[in-house]
Every structure is written in C-alpha cells, then in structure tokens.
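Structure, as structure tokens:
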Amino acid sequence: MPRAGSAAIGKRVGAVGLVLTSLLAGCGSGSGSSSGASTPASLSPAAALGKTMFDDQALSASGKQSCGTCHVKSFAYAADPATDQGLPVPLGGTAFNLVGLRNAPSLMYASFTPSFDADNIIGGFFRDGRASSLAVQAEQPFITEFEMANKDAAEVVQRLQTRPYLQDFIALFGAAVLSDPQTALQDIAKAIAAYETEDATFHPFSSKFDYWQQGQAQLSAQEANGLALFNNPGKGNCTACHPSQRQSYSEHPLFTDFSYDNIGIPRNWKIPANTPNPVSPIDGTPLDYVTLPANVPADSEYAYYDLGLCGVLAPPADDPHPRPVFTSVTSLCGQFKVPTLRNIALTAPYFHNGIFGSLREVVQWYVTRDINSNVGNNPLPQPNPYSPAYLGADSFYVAADGSPDALQYNDLPLDFDANVNIAEVPYTPPTFQGGQAPTLSAAEIDDVVAFLCTLTDGYDPTNPAAYVLPAQCAAVTHATTSIATMP
Amino acid sequence: MNTKSMLFPRLCAAAGLSAFAAVAAAADPAPAKSTDQVEQQIDALSQQLQALKAELQQLKSQNEALAAQQSAAPAQTAAATSAKSSPFDNLSLWGYGEVYYDRPIHDVARTQADLARAVFGIGYRFDDRTHFNSEFEVEHAVSSADDPGEFEVEQFYVDHQLTNWASIEAGLFLMPFGLLNEHHEPTNFYGVQRNFVETLIIPSTWREGGFALHGNTDLGISYSAGLTTGIDLGKWDFAPEYPAYTTALELEDSDVAPLQATHQELALSNAEHLAQYVSLSYNGLPGFTAGGAIFTGNAAPVPAPPNAPLSGHNRVTLGEVHTRWTPGAFDLSALYARGTISNTAGVNLQNPGSPNPIPSKFYGYYLQGAYTVWQNATYRVSPFVRWERYDMGANYAGTSPEIPSGDVPLSGAPGDYGKYPQSHDIVWTYGANFYVTPHVVIKADYQTFDVNRDFTRLDLGLGLYF
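Quick mapping for you: the protein sequence lines, in order, are chains A and B. Counting from 895, one number per residue, gives the positions in the first sequence under our numbering. Counting from 63, one number per residue, gives the positions in the second sequence under our numbering.
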C-alpha cells in the first residue's frame, strides 16, 4: 500500500482461530523450517525471565492483564478481539473497566524497528514512534492508567517482589535495584524486550512467501498475481511503503519501511474516546484520561482526535533518546507509522483505530477512497467532479449516527486535511487515469489479499496442506493453480 | 581529462601529433575547398610533420646526451640542481567544466539550468617514467546533504612506463571504452549533453579501480588490458515508485541505465568478483581512429534471502566498437555498444510487477557527422547532426517490466501526472559547437525523440577545458 500506507494495519486479531501457536513454535526451530530466523534456539536468562513476565498478569493492578493479554501469540502477538467485547481497543485499568485509545499492534518483527530518526521521520516504537526502543516501549503499559494501571514504578516493583521469579530477577539485576524502582522497571522492560528480540516466535520468517523466496514453495497463480499487483507502481503500489524487497533492517523483506503517513482513514465510532462524552462501555466511568488535543482547531467537527505524531501522547520522560515533541508541527498531524504486513491476515481489525475488519475492506478502501467517498473537503485540483460532498450510503466516512459524514477524512480536523496523502497510487484523484476507475478491479483486490495471506507465518514446505489461514483468506481464493517454483 | 594524453602532454603540444591537432590543422582554413587545395594542404602538412619529426629526434638526442651527462656528473651538480628545483616543477593542474540550459519544449515547467560539473585535476610527475593523475569533480554546483550535488573522485592513479611500448597503471582510472569516456571534456564532443549511447550503455564517465597494462606501438596501435572492480547488482532498484526520469536531462542524470545503476566507482566497492577488459585502437592514419573494447566479469549478486539456493553467477559483459574519421572539415564518427547480464531470471521472478527488472541485454549505436563551416583565428563553428538509438532493456529473462499505462504520478507532488517513460528510443540531435578558443566552447542543439516524444528539448551550453 502506498506511503501513507496502512499505517495502521497492525493490530489485532483476525478472524479465525488458528492453531498458530503450534505452527509458530514449529517454525524458527525445527523441522524443515530453517527459515533464517536470526535468533538463537534457546533464550538468554534475561529473555527467559522476560518471557515469564510477558505473561504474568500479577504485575498489573487489576491482576488480569499482562503484555500477553493484548499481544496474543496465536494472533501474531496482536489482540484477540474476542477478549475486548468487540471493541477495537483493549480493555484495562485497575478494575479492568477502562479502554485504550488505539488498536493494539502486532509485536511480531517489532525488534527490527530502528530508533526514531527525526531527520527523516522514520522508526521508533508505538504507532507514533514515541519510544526509542523496544525496552522503553515495554515499560509504558505497566504504568498506563488504562492498561496495567500501576500508579508508578514503585507499585510495579512491589508486585515484582511477590513473584516466584524474584530471585531470578535479583540474580540478573542485583538486589539493590529493588530500592530504585525506576531502574527496576527499566530492567523488567529490558528483559521483556530481550524476550521479544530473542524468541523466534516473534520473527520466524516462516511464511509461505519466505519459502517461496527460498524456492521451497509455490505461490498459486492468484497469489503470484497478487504479489505483482502489490509491487506494480500503477496498480497496488503497496511496496512503496511496505517493501517486498529486503532493506537494511533485515536479510528478509519486512514489508514496512518504518516511515510515517497520513492516509485519512475514517473515524471509528466504536472507540469510546471518539464519542462526545467518553465513558467506559463497561460501567459508564468517565474516561478522564482522554485528553483533548490543544492543537485541534477550535472550529473542528469533533473535540477529540488521535493525531499520531503530533498527538498528545508524550515521549516517556525516562527515555534516554526521547523523540522530539511534535505537537506544534501540524504538518505531521495525522501521521502514523507504517506497520509490517507480515501476519497481517491474523491481526484484524486494521489501522490504528481498527476501523476495518477485513483486508478486503482495507484494499477496497485504498483504491476507492477518493472515488466512492465524499470528497467535499478533498484538497484536489479543480474541477472536482465529486464536489459537492458525496453522501452516498456506501461512504466509508460516517458520522456518529451512521449517516454519511459531511466531511471526508473525518478522523482529522478539517484544517489538517491537506496533510492527507493524495498523491500516490492507489489513490485515484480526479486527474488520475480519467479519475474514475480504481487501480484495482474487484478480482485484483482479491488477488492482493490472497498474496497478503501468504505472509502468514507457519508454513511447512514438507506439509503444505497443514497451512491454516484465517477465514478471510479462504474468502478471496479464486483458484488453486500453482505456478513454478522460484528457480 | 584524457588520461593517456597526459603521458606526453608537452610532446603533443610541441609536435602537434595528436589526432585532434591533425584534424584541427586539416580543418584549418575555410570550408568547401577543392580537391587540389586539400591535396596541397596535405602535402604541406606532410612536410611539416617531417620537420617536426626531425626536431623531435633532435630533442631526443639532446635529452639522451643530457641524461648521460647527469648520470656522470659529480655530486656538486646534484646539490646545485636540488637547490634550484621545487616540488611544484613536477606538478600539473588542469580542469574542465560545463554549464547548460535545458528546456523540454513540451514540458517547459521542467526547464533547468545547471553547473553540471566543475572538475579540477592534479598531476605529479615523479620522474620521466612515473606520474600520478587525479581529478576531483563537483556535480550540480552545491554538494551537501540538502542539495543535489555530488563531490566525486573521478580519477586517482599512478602510471609507470615500463618500456617504450608498455606502461602499467594502478588506482582508479577511466575505462578505455568508446569515443567519449576517456575524452569527456566538453570541448571534445558535439552537443550540449553527451550522447545517450555513451551515457546509458557505456556508463560514461566510467571508471573502475584496479590495474592495467597499456601502450602504443609504432604501427599506430594502442592497447589496454586490465583487471578491475566490477558490477554490483545489489544496487539494483526493483521497486521505483515513480519513474526514475521524466525528461531527457533526468534520464542522463538518473543513473537508471543498467551499468550506470550498478557500477561502483571504487566507493567501498564490492570486490569479491573482479572484471577484466581489453581494448584495442588503431590510430595509424592521420585523422582516423578505429577501435573496440570488451569488459566482462561476474557481478556481485542481488542479495538473496537466507537459505535460498545459489542461483549461479551473473556475468556482466559490455562490448563496443567505434570509429572516427576527420577528413578535411568533416568529423564523422560511429559507435555500437552492447551489454549482457546473465542469469537474471531468478531474481526477476522474485520481483513480479516491477517496472524495472534487470535486463539480460541492452545496446545502443549512433552515427554522427560534423562539419566546420567557418574558422577564423581561434574561432570555429561546427554544426553537426547525430542519429542514435538506444535500448536499456532489449531483453529480459523471467519477466518483463510492468510499465503503468495512462497518466501516472511522476513524483510525490499532488497533481504531477504524466506518461511513464519507455526505456528505449531513437534520438536525432541537430546543433553546433562554436569554439571561442579550442578550450572554450558554446553549444546549442535541438533533440527529438521518436518514442518518448515529450523529451524533445532545446539545449544551450558553455564548456571549457584547460
């Protein structure tokens, strides 16, 4: 997808219950799946401790939440949507009654993310790059009010001291660190980051695509055509932001260039923070932590917007390499980091606000965003055949009541609409190729999705029939013809 | 800088023995001479040549005598000599550069003016048989992280003469291919821009690191054979989002052509595989030269995914033949170049949908004719016409380029749409060089393109060389 790319795709779960756990476990280490995973088969002591803490709910104030609660292994370490009552954002908080602001991203392949590069606006952790490392990122949920909800580092350490692995922690980091809670929390996060970095289940490189690249698997004709459309700069142009070629970050393609983009996705009214009076959908508790951004113009349609890079979520205070604060750099408002597309079929809903439930919807939206949507505020060259606003029932952009919204790009203040990427394929502004036709036909959209499904890890070239994909993959499959294996 | 001419610069200047000098002399007076006049002139030149030969022989004899005296001289002579000599005595400086104005007539918004290159050379003569040459180039006026320019070392080599007919050079040197690569100063070619064949097929200014044996024989044959760094296919871009070029000028500067994109210029070059070349040239007749060269070697491959099976070597080969004839006021030349890259099917198939797979064959050729219509004192006017054809992707293995049809975004700027350019064309160039002095030239030309018709352009240029 294009530059602005699916900045958001990474999230939660997808559709179907998979047996991915066992598949992933089989990958990286063993049988016939020598996929090039770059991590050792056994974990270092820190990583082994990190693995334990990653899944320890007792480190949360509610006692019900760990890293693994929102980053579920069988959903490519994104969230299991069944656990959040249908919300696109995770539940959390001391009473497990609060809700998050963004769709939880997949942690798979996160360890390849470069630190934030302020000169080129690339990299960093979280969807807005506000943490400089995987460890700094891993600290934050422990002390975030609507997640694991410890008041501070000291409370985390208090809980740590009740845990059976305390001696392991002391053996690694020393007993003295317990009297320095901030450092102790950093050490907890380092151990978790080590786990995410070392454990091959986070980056097995065992997808069908990987084995196809190695000449050990065949893509079906549909999948191969999908890859060609994915790469073609006049069709999908997905590779512009999600490179299918390897880059400097890994010996494998990561399907992200870690850049940022504003692609003008629709507002998701299922996120409580987006509603006029945000309250908990569980018990009606007001969501006081929803901070109205000071940089939202007063005449904006709505009060709260998630503005990504220029948003209200500040870089952590103890980050040794803090990302610059961009709240006054309004040209960056609405930009989110381009996610990897590996395992994307497992991580629905998509984008940072979880607005789309399937990959087909995502691709459909990409290629028709500026055709089927109301574009009254689309800053395109005139004459604009779609002006005034398109208010058709099939508009992607809807108001809180479900009717077509008066404005396109309605998850952004109107003043920031000019930030939306309209120049790249597959967006089809009126001046492009006659202005009417999407760059992908319905069948081609299916092909692209079929290809995206091949990025799901867990393929066994010795037993292709065991490759279980989410239902959304089966839904787009047209043919089973195979093409030749790579030479 | 003509590297080989640096071997004997003073000799050339004094004796006027180079082909260019002969051409200039032959082209001397007015145009449109009768056959008798031309014959008389040739006779006169022949006599002058004989006289110069005699003078040269005399100079050689004097030098030999002087050398003998010096070798037998007492120590005090050496002391006296060193007292008077300076390191700068053996230093030579030169330079060249070009400024141009380029106006695509169908897309005037992309009109550009540029100080395309400013080059300064430094040479040092260690002794009569050993010297060093270097050239440093600034392209596009300003070189910084925020500007388009580049600073490059274009040559950096040591040359040592072994015998009268053999020398060895080592370092970063120009490849002896075609008519232009070693003679790329703006006074040495017709047209504001270099021709496409010797830009896109032969990647002028093409230099490699390594060493070579070269020399001239009494029969007028010059030769060069070397072992050099080669091609790195790992630099190939399979996924350009936008066309690498939208005008003829951008085409020349884009480094998108097969060898432009992959030659290494001794900048942390991958040297796992070395390449070999041989070039031969015949210069035995005044005003005539003909030659050819071939380069071949295994390239550094496109990096494969871990555990991918070895796909075999990619051998890159480039061959060319050329000739130039300067009878009277005429200056006629022709060149053919052809390149191949083997075993590209596998990597191309890994990148389906790419608008830019690696070609297995590319070629180009041109014919060019110029005529000096007027000459007075240092002034000279030479109109020319050139017809050339190039194809950067004559064949592909495994796949074909997916070139988007219709209007496509040409850049990230909203509304910047146009046709995706084709990688082959037939180009006519009509123009003239006006030499203010043999070292300062003002140029103008008009180019038309049969395929990429929007590339048609008007060029104006100023070049100098000292």
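For every residue, glycine included, the Cβ atom is placed at its ideal position computed from N, Cα and C. Just so it is clear, the structure is predicted and the values come from calculations on it, not from any experiment.
| Asked | Found |
| --- | --- |
| Burial state of Leu-1363(A) (16 or more Cβ within 10 Å) | buried |
| Own chain partners of Pro-414(B) with C-beta closer than 7 Å, once the 5 adjacent residues on each side are dropped | Thr-461 |
| Where Leu-1121(A) meets chain B, residues with beta-carbon distance less than 7 Å | Pro-414 and Gly-415 |
| Per-residue DSSP class, three states only, for Ala-361(B) | strand |
| Residues in the region 1123 to 1134 of chain A having any Cβ partner in chain B nearer than 9 Å | Leu-1123, Phe-1124, Asn-1125, Asn-1126, Pro-1127, Gly-1128, Lys-1129, Gly-1130, Asn-1131, Thr-1133 and Ala-1134 |
| Residues of the region 1108 to 1120 of chain A with Cβ closer than 7 Å to any Cβ of chain B, in chain order | Gln-1108, Gly-1109 and Ala-1118 |
| Simplified DSSP assignment, three categories, for Ala-1360(A) | helix |
| CB contact check: Glu-464(B) to chain A, cutoff 8 Å | yes |
| Short CB-CB distance (under 8 Å) between Gln-1229(A) and chain C | Protein chains A and B are contained in the structure displayed, whereas chain C is not. |
| Any chain A beta carbon closer than 8 Å to Asn-369(B) | yes |
| Cβ pair count under 8 Å reaching 3, the region 962 to 972 of chain A against the region 1106 to 1120 of chain A | no |
| Tyr-1003(A) burial status per 10 Å Cβ neighbour count (16 or more: buried) | buried |
| Trp-268(B) burial status per 10 Å Cβ neighbour count (16 or more: buried) | buried |
| Exposure label - Lys-1045(A); buried when at least 16 CB within 10 Å | exposed |
| Cβ-based contacts, 9 Å cut-off: residues of the region 464 to 478 of chain B near chain A | Glu-464, Ile-465, Pro-466, Ser-467, Gly-468, Asp-469, Val-470, Pro-471, Ser-473, Gly-474, Ala-475, Pro-476, Gly-477 and Asp-478 |
| Minimum Cβ-Cβ distance from Asp-864(A) to chain B less than 8 Å | Residue 864(A) falls outside the range modelled here, since chain A spans only 895 to 1381, and no answer is possible. |
| Residues within the region 297 to 325 of chain B neighbouring chain A, beta-carbon criterion of under 8 Å | Phe-300, Ala-301, Pro-302, Glu-303 and Tyr-304 |
| Gly-477(B) CB to nearest heavy atom of the ligand SAH below 7 Å | Annotation note on the ligand SAH: not contained in the displayed structure, which lists no ligands. |
| Alpha-carbon spacing of Asp-221(B) relative to Asp-317(B), whole angstroms | 30 Å |
| Check whether Phe-248(B) and Tyr-158(B) have beta carbons under 8 Å apart | The residue you asked about is not Phe; residue 248(B) is Pro in the sequence shown. Their beta carbons are under 8 Å apart, which means Pro-248(B) touches Tyr-158(B) by this criterion. |
| Backbone CA spacing between Thr-291(B) and Asn-257(B) [nearest angstrom] | 25 Å |
| Whole alpha helix (DSSP H) elements within the region 947 to 1008 of chain A, 4-residue minimum | 961 to 964 |
| Nearest residue (CA-CA) to Ser-1194(A), options Gln-1302(A), Thr-1371(A), Thr-1091(A) and Asp-1295(A) | Gln-1302(A) |
| Counted within 10 angstroms of its Cβ, other Cβ atoms place Thr-1375(A) as buried (16 or more) or exposed | With a pLDDT of 45 at Thr-1375(A), under the threshold of 50, the predicted position of this residue should be treated as unreliable, though the coordinate-derived value follows. So Thr-1375(A) ends up on the exposed side. |
| Contact under 8 Å by Cβ, Asp-469(B) with Gly-426(B) | no |
| Chain B within 8 Å of Glu-1092(A), Cβ atoms only | no |
| Exposed unless 16 or more other CB atoms sit within 10 angstroms - verdict on Arg-1366(A) | Correcting the residue identity first, residue 1366(A) is Gln in this sequence and not Arg. It is buried - the Cβ of Gln-1366(A) has at least 16 other Cβ atoms within 10 Å. |
| Element boundaries [alpha helix (DSSP H), containing Ile-1064(A)] | 1060 to 1067 |
| Contacts around Val-1184(A), its chain only, beta-carbon distance under 7 Å, and the 5 residues preceding and following it disregarded | Ala-1167, Pro-1172 and Tyr-1198 |
| Within chain B, partners of Ile-1316(A) - CB distance below 8 Å | Pro-476 |
| CB-CB length for Tyr-344(B) against Ala-352(B), believed under 8 Å | 5 Å |
| Residue range of the unbroken beta strand (DSSP E) whose run includes Lys-1045(A) | It is not in any beta strand (DSSP E) - Lys-1045(A) carries neither H nor E in the DSSP assignment. |
| Where the beta strand (DSSP E) containing Tyr-285(B) begins and where it ends | 283 to 291 |
| Expected contact under 8 Å - CB spacing of Ala-319(B) and Gly-277(B) to nearest Å | Actually they are not in contact, since the Cβ atoms of Ala-319(B) and Gly-277(B) sit about 31 Å apart, beyond 8 Å. |
| Within-8 Å CB hit, Pro-419(B) to chain A | no |
| Own chain partners of Phe-70(B) with C-beta closer than 7 Å, once the 5 adjacent residues on each side are dropped | Any answer about Phe-70(B) is weak, because its pLDDT of 36 lies below 50 and its placement is not dependable; what the coordinates show is given next. Excluding positions up to five away in sequence, the list is empty. |
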